[in-house]
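Visitor: Chains as they are written, first to last, in my numbering: chain A, 66 to 244; chain B, 432 to 682; chain C, 15 to 457; chain D, 5 to 750.
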Amino acid sequence: MSISVGDAISSFKIPILMGVMVIFGFGIGYLINYTFFSDRSPVQPINFSHKIHVTDNNIQCMHCHAYVDKTPSAGVPSVKKCMGCHKAIATDKPEIIKLTEYWDKQEPIPWIKVHDVPDFVYFTHKRHIKAGIECQTCHGPIETMARVTRVSSLKMPWCVDCHTEKQVENGRDCVTCHK
Amino acid sequence: MAKITDKIKEYTRPGYYEKFDYHWTMSIDLDRCTGCGACVVACQAENNLPIVGEKRFKERREMKWLRIERYWEGEYPNLKLKFLPMLCQQCDQAPCETPCPVAATYHNQDGLNTQIYNRCIGTRTCAVYCPYEVRYFNWFTYTWDEPLEQQLNPDVTVREKGVMEKCTFCVQRIRMAKDKAKDDNRRRVKDGEVTPACVQSCASEAMQFGDLNDPNSKVSKMTKNKRAYHVLEELNTKPSVVYLQKVEKHD
Amino acid sequence: MTDTNYQEPGYADVNRDILQTLLVTGPKYWITFGISASVALICFFGPWAYQLYVGVGAAGMNRSAMWGTYLSNFIFWIGLSHSGTLLSAVLHITHSGWRKAIYRSAEAMTLFSLMTAACFVMVHVGRLWFVHWTAPIPNPMELWPNFRSPLMFDVMAVTTYLTASSIFIYMGSVPDYAAVRDASTGLRRRLYTIFSFGWRGTAKEWHTLSWAYMFFAVFVIPLAVSVHSIVSWDFALSIVPGLHQTIFAPYFVCGAIYSGTAGIVSVMFLLRKYMQLERYIREIHLDNLGKLLIVLSLIWTYINIVEVFTGWYSGTSFEYEFLKFRLFGFYAPLYWEMILFCAVVPLFMLHKKIRTSWKWMFIISILINIGMFTERFIIVATSLPRKFLPDAFGFYFPSFVEIMISIGSFAIFTTLFLIFIKWTPCVSIYEVKETLKPLRRDA
Amino acid sequence: MTNINRRDFLKLIGAGSVGTGAGVLYGEVTKQTVELLIPQVIPPEDYSPGIATWYNTTCGQCSAGCGISVRTREGRAKKIEGNPVHPVNQGRLCSMGQAGLNALYNPDRIRRPLKRNAPGGSFTPISWDEALTTLGRRLGNLKIQGKGNQVTLLSDGVRGHLDKLFATFMQELGSDNYLQYDFAFPNALYKANKILFDIDTLPYYDIKNTNYVLSFGADYLGTWLSPVHYSLAYGHLRQGRGKRRGKCVQIEPRMSLTGANADEWIPAKPGTEGLLAMAIANVIISDDHYRGSDIDDWASAVGSYSPSAVSGQTDITESEIKRIANDFIRHRPALAIAGDNIASGTNAVSNILAINALNYLAGNLNKEGGVIFNKKPSLVQSTQQRHASYIDMMGLRDAMSTGQVDTLIVHNTNPVFNLPNSSRFKEALTKVPYKVSLSSFMDETTDLVDLVLPLNTYLESWGDDIPEPGVGFTTATVLQPVVTPIYDTRSSGDIILTLAHQIGGELPVALPWTNMEDYLKAGWKEIYSGQIANSAFNSFDQFWRKALESGVWGENKTCVPDRKNKTKQVQLNNITIAPEFSGDEKDFPFTLLPYISQTFFDGKGANLPWLQELPDPMTSIVYNSWIELNPATAKKLGIKEGDLINVQSKEGSLQAPAFIFPAIRPDVIAIPIGQGHTQYGRYAKNRGVNPINILESIVDDASNALAWSSTRVKISKTGKHIDLVKTSGVTRTLGRQIFDKPGKHS
């Protein structure tokens with residue numbers, strides 16, 4: 066009988082390999098989920114295109130997101146604001162018909178949040194806009210997006226890196242964002 | 432080598448700061464304080480403190496960031512009852528800050544003893560080390576009876592089970608005042624611009640709040656009063672809450 | 015029960031006797047294992063799952079007593095861990111021959127009480143799902159743990175100790191694994207081939223082993239002393255009256271060795287009885303351990319007297335009130351029970367008859383550990399509710415969940431130990447052989 | 005890899021797929037839940053997300069009339085703070101006021117109108133139309149039949165335009181049965197002020213500037229009249245005036261919050277405080293401190309009350325009385341006030357008269373730091389005379405039980421809880437054929453009615469108010485809704501106006517408005533054109549906008565005494581100063597002192613969880629009732645804290661746990677009012693005891709008010725034990741450095 070460790074280990078080759086495969090597969094699976102079933106670009110109730118509005122028709126961001134430099138939240142435009150233009154413009158398009166339906170029922174549109182931070186994070190648009198940060202810095206080439214896709218991780222290191230780089234006053238103090 | 436000694440020096444200094452940007456301080460004049468409890472409710476309203484119910488009170492698991500302690504002196508009929516509003520003292524040499532293994536509580540550049548709820552893992556060491564016993568632990572995830580949750584302050588995180596919490600000197604109000612100062616292109620927050628909920632509500636104006644670094648602030652003047660003292664000063668925790676002695680004898 | 019019945023085993027006897035504890039598994043073992051595993055499941059993991067679901071409020075801790083039985087259990091198990099490796103290492107260095115029959119099980123005790131203690135850290139924290147933040151591993155938040163925290167010292171110390179102890183016990187077991195390998199076939203043989211690292215028993219191997227073993231023995235001793243000192247700093251670095259004491263480090267170390275040694279006596283008794291190892295674990299071991307216990311008991315008593323005296327001598331209200339509560343308050347019966355079991359009862363061991371009686375020593379060792387368990391409970395339960403502000407004075411009584419988990423921890427320890435004795439020979443085969451008279455050529 | 009056979013390969017593939025599946029699943033499980041961004045359909049004018057909007061309005065939690073600022077975010081009220089420009093509370097607010105949010109968002113609010121199916125049956129929800137039509141028809145029929153007088157409206161102490169609306173409505177209906185009832189309303193104080201000074205409104209007590217407050221039971225920091233204002237004044241008195249620190253003396257059998265803060269707490273025998281005041285007056289006269297022309301009258305009036313004569317009755321030594329009298333004179337301007345338990349015995353008015361006389365004798369009237377008389381409020385009607393005394397309520401009871409009341413409308417008041425069992429009010433109430441309750445909560449009275457009309461809380465309503473007691477100058481506040489009603493509820497004004505239209509006849513002519521806002525605006529337009537027009541405003545709209553914005557009209561902050569307003573010479577004659585008690589001293593050895601709870605007031609606050617969780621200032625007890633006992637008494641009877649005690653009066657008994665309270669006379673036991681609800685929502689229901697229940701129906705003859713501090717009781721142990729839920733551990737400092745600088749303590 067052999068007392069070689071190598072032989073003994075090689076007799077367990079298959080179970081070990083199976084374990085490796087499970088771990089490997091887990092990673093692959095998670096990646097698949099992340100790439101193909103990601104929540105970064107959800108299908109919205111109305112297929113709103115920033116490209117049509119911003120790039121093609123040259124509407125400024127602040128026209129709709131009117132609160133962005135005044136309040137913590139950028140402010141998603143009210144249905145009334147949408148209807149302000151779309152009473153007359155492109156009323157025959159299927160997406161606009163959907164919008165009109167919401168307006169007729171006087172119901173809000175249940176947009177799905179793409180850029181969502183946990184409840185314990187207090188992010189303010191106002192300070193970032195006033196500090197001269199472009200929308201695109203965080204939102205990516207939003208003006209070209211037919212469907213909004215999140216391009217930033219919105220995770221803490223992403224925030225902190227920028228705060229460190231720009232030497233934000235108290236930018237690394239926890240209570241700046243968590244309170 | 433010099434670098435290392437510098438580092439050691441840095442680590443031996445409590446709080447790591449030579450001088451605070453702001454040194455938020457509260458003064459409580461016990462000669463004015465009536466012990467009415469308005470501040471307790473104000474704090475509960477502002478900071479989303481849960482309604483825990485009688486059972487939890489019985490288990491001594493109440494959640495009151497600010498409580499009023501009462502101490503009797505003398506015997507009937509020559510009795511005195513003294514009230515002591517007790518809240519986080521925001522100590523500059525805080526016994527609670529060092530033992531947190533994940534640094535969820537630390538001293539920030541404003542002299543605040545901060546508590547970061549989402550970093551807390553709930554070892555409760557800080558509460559054990561705190562001589563003032565002003566740290567409160569979320570033994571459970573508390574819920575509000577519908578529709579009471581509509582009252583919750585959106586500027587303050589609602590804490591989940593397993594998290595330590597305590598008075599923050601209403602840091603959300605401090606942040607808001609700083610935000611406003613920035614909007615107005617001011618470098619500093621003016622005295623009186625920040626009032627924590629308890630200070631705001633105090634009917635006898637016993638509480639003052641402000642920046643100790645500003646020699647003209649109301650609270651700076653209060654701390655220079657000859658009645659000013661710290662509770663349990665002998666522990667040398669350097670609290671940021673200054674109490675003013677009750678005047679015992681009338682002329 | 016005396017040495018007259020003792021018949022020296024031969025080398026072959028040693029192999030056979032000890033290996034059969036490993037290779038032959040009777041129903042008695044399975045029943046014991048089944049009971050202890052299910053108790054662990056029902057008493058420990060069940061309530062723990064409940065506690066994870068509702069929050070730490072399932073335990074009896076409250077505003078003034080933020081720490082409770084979980085931490086006292088933690089210290090108890092860390093304490094119990096103390097003699098194994100420490101004793102084994104000290105005795106190895108001092109070439110005490112009598113250590114050889116007991117050290118394996120003692121070291122195993124260390125290992126498993128440390129694991130049980132680690133379980134209590136997990137049970138204790140409020141948000142178990144973030145407990146990995148205490149480990150200094152690179153993380154997406156770019157945050158480090160707080161190295162100034164005594165809890166961090168603790169995490170470091172305990173993990174180091176656990177690692178060192180594991181290596182120490184494993185290293186000592188390698189020749190025995192080889193013996194198991196040689197005595198078995200099939201899967202077991204293949205596994206033990208790996209465990210034994212291909213040990214062949216050459217002179218060079220023996221030499222290396224003994225050198226490495228000695229190194230580790232020296233290395234482990236300061237570590238063991240530091241671990242419990244550091245555990246004591248969890249308490250002593252606070253400013254709570256009753257915890258903030260300079261004597262806490264020696265107090266804890268002494269208490270740890272004390273309870274650990276008593277633990278070894280208990281385990282030895284049981285092993286001897288149930289594993290038929292009467293020939294290897296003998297009265298001489300008991301006698302020596304008894305002497306050690308007496309010394310430790312006297313040190314422990316001294317420290318307790320010092321603690322009360324300094325509290326009284328301080329003249330501060332903080333210390334007075336806390337001492338009043340500890341000595342005469344609600345938990346006074348527990349305090350005096352602890353004094354009885356840990357300071358008075360061990361004095362009986364001064365009598366040699368008791369010291370060498372298995373039955374009596376077993377009872378005394380159990381009593382000492384009950385006393386030491388109480389001590390840990392009292393440290394937490396009588397100090398924290400009497401802190402600085404009288405208005406915040408409180409009271410602590412363990413809840414059902416806490417009591418269940420405390421009971422369950424003993425089952426966890428037993429289960430782990432039972433698994434261990436089927437994996438590693440619980441008496442060191444080769445070192446027992448060393449103590450035997452050399453073989454006669456003609457035999 | 006060549007030596008992997010097919011079987012093994014399949015195993016590996018299998019393991020890989022299991023792993024992949026687990027990975028996908030893990031990714032799915034750990035995904036953040038989808039959150040929605042819900043936009044407004046049409047955003048309100050002043051809406052901006054994430055920014056708070058503040059609305060100024062008036063607090064409705066008690067009758068002090070503090071101004072409040074409510075912080076709202078996204079249309080929800082988040083926090084109530086004091087209105088900084090309001091002269092009463094100047095930005096401060098008490099715990100009750102702040103807990104108003106609990107009333108607004110109370111889970112036990114009545115959410116829609118309810119109708120009782122059959123007598124004694126359960127309620128079913130109905131529509132507002134149905135509810136108001138039913139009631140309107142009934143009232144209309146009564147009116148047509150000329151039986152308008154059979155309608156009774158029993159309201160809480162409403163003021164301003166709502167009061168006017170009620171009055172007009174009832175008048176047009178042909179009924180003169182419009183009553184207001186509040187348990188804590190100080191009938192005796194009004195009566196005594198009327199007798200002595202001939203004033204209808206309460207004077208302004210200038211605690212802020214006085215040197216010496218001699219308070220006979222008035223818990224002015226806790227519950228008396230306007231606690232927030234007096235707390236502000238107290239703070240100023242103590243430390244706001246440099247070296248001139250005012251002194252406070254409290255004379256009461258059980259230490260109240262004010263007693264705890266006073267420099268001296270003197271427990272006189274309950275009911276004898278008037279005697280004590282007379283003795284002080286005697287000292288003032290005999291020591292030649294009073295020089296008025298009517299000194300001889302006074303000398304004869306107080307002559308028989310020498311300190312030595314009074315000392316035995318009051319249980320206060322002669323020298324003590326002399327000392328107090330001298331202090332009172334020496335520290336002028338000083339202030340003698342009476343209230344709460346002292347002003348609720350059978351000799352309440354006499355007591356207050358005697359105490360008020362001290363102010364007269366010391367010359368503290370109409371002086372800074374003394375008693376300053378309020379001008380009659382000229383802006384909004386205030387009709388204190390509508391406040392029903394206990395005798396009036398008994399009149400209502402008799403009318404109800406003899407069938408003279410056909411329809412009873414109860415508005416926001418809870419007489420079933422706030423009247424003693426011995427009044428038999430509840431039994432009489434059940435005899436009324438049709439009972440309607442306008443209330444936000446299912447309280448004990450509402451639980452008995454046939455129709456429930458759920459009210460908006462004050463944070464959802466329009467209205468106006470004047471502070472009472474006034475602040476020394478004319479002022480009025482406006483109530484405006486700060487949130488849209490969260491349930492299908494309406495404000496009382498809207499209901500009454502709708503009813504008026506429903507009933508028809510002359511009613512819509514007298515009350516042509518359809519909602520309270522219009523009515524209020526019209527009323528204020530009148531006031532504006534009458535009294536304010538020539539002031540700083542261009543138009544009424546500008547004035548109204550300003551008033552809504554600041555929440556108060558008349559916002560200067562100091563009270564200047566009107567020197568011209570000379571007091572007439574007052575005289576004290578024929579006062580019956582000795583107290584009477586229900587029950588023999590031998591059988592019932594203890595005086596029962598029910599006191600108005602600082603947290604629950606008269607029981608109104610018991611359904612607010614923040615108040616239930618606010619530790620009682622004196623005892624730190626939460627969520628329960630307790631009986632306060634002197635330690636000596638407790639020791640004598642072998643009672644320990646938490647022992648369940650049976651308290652027996654002539655009229656009934658109750659059981660509550662004992663609390664050993666050091667600062668109470670040994671012959672007195674005290675129970676807070678406020679708990680003991682049998683209805684009133686989950687936070688209040690079946691919690692503690694209501695001491696009002698066991699009071700005897702005895703009144704103070706001069707004011708007709710219930711003498712609720714004049715019941716004697718006996719107590720006995722029941723052998724049961726309840727752990728009192730309190731937050732305080734040990735309430736002694738144990739010589740620790742808590743109130744002193746280090747080193748000073750021993």
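Note that beta-carbon positions come from the ideal geometry of N, C-alpha and C, so glycine has one too. From a predicted model like this one, the values you see are computed outputs, not experimental measurements.
Does the Cβ-Cβ distance between V287 of chain D and C252 of chain D come in under 8 Å?
Guide: no
Visitor: Take N215 of chain D as the anchor and find which of D:D160, D:I325, D:L339 has the nearest alpha-carbon.
Guide: Ranking D:D160, D:I325, D:L339 by Cα distance to N215 of chain D puts D:L339 first.
Visitor: Determine, using beta-carbon pairs with one atom in the stretch 602 to 620 of chain B and one in the stretch 106 to 122 of chain C, whether at least three such pairs fall under 8 Å.
Guide: no
Visitor: Looking only at its chain, what residues have a beta carbon closer than 6 Å to the beta carbon of F3 of chain D, apart from the 5 residues adjacent to it on each side?
Guide: With chain D covering only 5 through 750, there is no way to say anything about residue 3 of chain D.
Visitor: Measuring CB atoms only, is the stretch 290 to 300 of chain C touching the stretch 324 to 341 of chain C, in the sense that at least three cross pairs come out at less than 8 Å?
Guide: no
Visitor: Quick one: any contact between the stretch 51 to 71 of chain D and the stretch 444 to 459 of chain D, if contact means 3 or more CB pairs under 8 Å?
Guide: no
Visitor: Checking contacts by CB at 8 Å: is Q581 of chain B closer than that to chain D?
Guide: Judged by the 8 Å Cβ criterion, Q581 of chain B is in contact with chain D.
Visitor: Quick check: the Cα distance between T753 of chain D and S496 of chain D, rounded to an integer number of angstroms?
Guide: Outside the displayed range of chain D (5 to 750) lies residue 753 of chain D, so it cannot be described from this structure.
Visitor: To which residues of the same chain is V358 of chain C closer than 8 Å at the C-beta, ignoring the five residues directly before and after it?
Guide: For V358 of chain C, where only same-chain residues beyond five positions count, there are no Cβ hits under 8 Å.
Visitor: Would you say W326 of chain C lies against chain B (beta-carbon separation less than 8 Å)?
Guide: Chain B has no Cβ within less than 8 Å of the Cβ of W326 of chain C.
Visitor: In whole angstroms, what is the alpha-carbon distance linking V436 of chain D and G407 of chain D?
Guide: 7 Å
Visitor: If we ignore side chains and look at the alpha-carbon of each, how far apart do R491 of chain B and L597 of chain D end up?
Guide: If you draw a straight line from the Cα of R491 of chain B to the Cα of L597 of chain D, it is about 30 Å long.
Visitor: Just confirm the distance between the C-beta atoms of A347 of chain D and I356 of chain D, as a whole number of angstroms; I'd bet it's less than 8 Å.
Guide: 6 Å
Visitor: Between which two residues does the beta strand (DSSP E) holding W437 of chain C run?
Guide: Annotation: W437 of chain C is outside any beta strand (DSSP E) and is labelled neither H nor E by DSSP.
Visitor: Going by the CB atoms, is the gap between P578 of chain B and T668 of chain B shorter than 8 Å?
Guide: no
Visitor: Look up C150 of chain A in the DSSP assignment and say whether it is helix, strand or coil.
Guide: Helix at C150 of chain A.
Visitor: Please classify K680 of chain B as buried or exposed, where buried requires at least 16 neighbouring CB atoms within 10 angstroms.
Guide: exposed
Visitor: Measure from the C-beta of C224 of chain A to each C-beta in chain B and report whether the shortest distance is under 8 Å.
Guide: no
Visitor: What are the boundary residues of the beta strand (DSSP E) that includes N318 of chain C?
Guide: Unbroken run through N318 of chain C is the alpha helix (DSSP H), 297 to 328; no beta strand (DSSP E).
Visitor: Give me the chain A residues within the contact set of Q659 of chain D, using Cβ-Cβ distance strictly less than 9 Å, ordered along the chain.
Guide: Within chain A, no residue comes near Q659 of chain D; the closest Cβ sits about 46 Å away, beyond 9 Å.
Visitor: Return no unless some Cβ of chain B is closer than 8 Å to the Cβ of F185 of chain A.
Guide: yes
Visitor: Measure the alpha-carbon distance for T16 of chain C versus K447 of chain C and round it to whole angstroms.
Guide: Annotation note: pLDDT 43 at T16 of chain C (below 50); position unreliable, no value reported.
Visitor: Pick out whichever of C:I92, C:M155, C:V135 has its Cα sitting closest to the Cα of F126 of chain C.
Guide: Per the Cα distances, C:I92.
Visitor: At 9 Å on the CB atoms, spell out the chain B contacts of H243 of chain A, in chain order.
Guide: T545, I547, Y548, N549, R550, T588
Visitor: When we look at the beta-carbon of R141 of chain D and count the other beta-carbons within 10 Å, is it buried (16 or more) or exposed?
Guide: exposed
Visitor: Y272 of chain C lies in the alpha helix (DSSP H); which residues open and close that run?
Guide: Element bounds for Y272 of chain C: 262 to 288.
Visitor: Under the DSSP definition of a beta bridge, which residues are partnered with P516 of chain B?
Guide: DSSP lists B:I499 as partners of P516 of chain B.
Visitor: Can you find the residues in the same chain that come closer than 6 Å, C-beta to C-beta, to F409 of chain C, ignoring five residues on each side of it along the sequence?
Guide: Taking F409 of chain C as the centre and dropping the five residues before and after it, the same chain places the C-beta of P399 closer than 6 Å to its C-beta, in chain order.
Visitor: Taking Cβ-Cβ distances below 9 Å as the criterion, which residues of the stretch 48 to 69 of chain C are in contact with chain D?
Guide: none
Visitor: What is the rounded straight-line gap between the Cα of P471 of chain D and the Cα of C63 of chain D?
Guide: 10 Å
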